[in-house]
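Residue numbers (UniProt numbering): 1 to 276. Cβ atoms here follow ideal geometry from the backbone N, Cα and C, with glycine treated the same way. What follows is a set of notes on a single structure, which appears directly below.
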Amino acid sequence: VLKEQWICAKYERREFTGEQNEFLQTYTLDLFASTLWKKGKDKKQYLRRIFQLSQKDFTLRYFTKEDSKVAKTVISMKDLNAYFQPEKIGHAHGLQISYLEDERTRNLFVYHENGQVIVAFFNAIRATRFAYLLKKHPTLQHSDLIHQITKHSLKEGYMEKTGPTQREPFKKRWFTLCSVTRKLLYFKSPLDATDLGAVFIGSQDHGYTVSESSGRCTRSGRWHCGITLETPSRQFVFMCEQEQERREWLEAFGKVISQPMTPEDYANEATLRRGK
């Protein structure tokens with residue numbers, strides 16, 4: 001949908017020629033509003049919700065009714081992320097919005113039937129995030145902030161996971177790995193609203209390694225393509241269904257572990273103690 005709307009913006013709406021400045025002005029308004037279909041927190045049903053982005057206080061609000069005076073949720077731009085997830089959501093225009101709530105990752109899943117509407121909303125999120133980052137880091141160059149606006153997951157998919165003693169039965173979980181935040185999140189299912197836990201993945205210089213494991217010496221479940229993730233505080237054992245999946249996860253973990261840690265990474269490592 002991004003590619004489709006970029007083509008429409010360039011050749012049909014001529015947004016990049018300077019002839020139609022109202023499009024750029026719309027993305028950078030102090031208040032941007034859009035009505036979208038949002039998945040319920042504990043239900044599969046999607047309901048109409050009104051979303052408002054504010055560049056005055058750098059927040060995203062959503063309301064259950066058009067005449068609502070009080071927002072159902074107020075989300076800070078500080079940790080907000082958004083990216084398209086059509087396959088996961090089951091709609092060509094599906095957008096996932098993630099943010100931190102009480103130190104856990106909260107997911108919102110939304111869509112709109114009109115591609116231009118959902119892409120405009122996505123661009124408005126990026127514009128608001130960029131404005132927030134400019135205020136937070138006034139001395140940094142724009143090029144240093146662009147990659148922080150929104151970020152994709154490096155790898156997602158199912159694996160089986162055991163507990164801290166490795167005597168617990170393996171349970172199937174949906175995992176999401178982000179190289180920017182260095183977090184491995186896990187959920188019961190792909191469309192869960194809140195994560196079950198998170199694991200920080202530091203660099204090799206700080207005691208983090210990943211390797212294959214046979215799975216024969218553990219109380220593995222139905223899957224036997226094992227991965228061992230070593231951290232300074234704990235060893236994690238995961239099982240993949242297929243060898244191809246294991247190779248992809250090993251490569252993804254390796255990319256994160258090979259990256260040097262930043263001062264912000266050290267702070268995240270110190271505060272993230274929830275991996276189980």
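The beta-carbon separation of Lys72 and Phe63, rounded to 6 Å, stays under the 8 Å limit for a contact. Ser189 sits close to Trp174, with the two beta carbons spaced by under 8 Å.
Secondary structure at Ala270: helix, using DSSP grouped into helix, strand and coil. Put simply, the backbone Cα of Phe238 is about 18 Å away from that of Lys255. Beta bridge pairing from DSSP links Thr73 with Tyr62.
Scanning its chain for C-beta atoms nearer than 7 Å, with the 5 sequence neighbours on each side dropped, one finds around Gln5 the residues Gly115, Gln116 and Val119, in chain order.
In the DSSP assignment, Lys78 is bridged to no other residue.
Taking Phe236 as reference, the option from Ala198, Glu15 and Lys38 with the minimal CA-CA separation is Ala198.
Comparing alpha-carbon positions, the option among Leu134, Thr59 and Arg167 lying closest to Asn81 turns out to be Thr59. With contact defined as three or more Cβ pairs closer than 8 Å, the segment 125–133 and the segment 141–149 are in contact. A Cβ-Cβ separation of about 6 Å places Leu36 in contact with Phe51 under the 8 Å criterion. Distance from the CA atom of Lys38 to the CA atom of Asn123, rounded to whole angstroms, is 18 Å. Using a Cβ-Cβ distance cut-off of 8 Å, the segment 94–108 and the segment 191–211 are in contact, since at least three pairs of beta carbons, one from each stretch, lie closer than that value.
Per DSSP, Ala193 lies in no alpha helix (DSSP H) segment and is marked neither H nor E.
Between Lys183 and Phe170, the C-beta spacing is not below 8 Å. Residue range Tyr46 to Ser54 is occupied by the beta strand (DSSP E) that includes Tyr46. Distance from the CA of Arg247 to the CA of Ala92, rounded to the nearest whole angstrom, comes to 29 Å. Of the candidates Thr139, Leu229 and Met77, Leu229 places its Cα closest to the Cα of Pro164.
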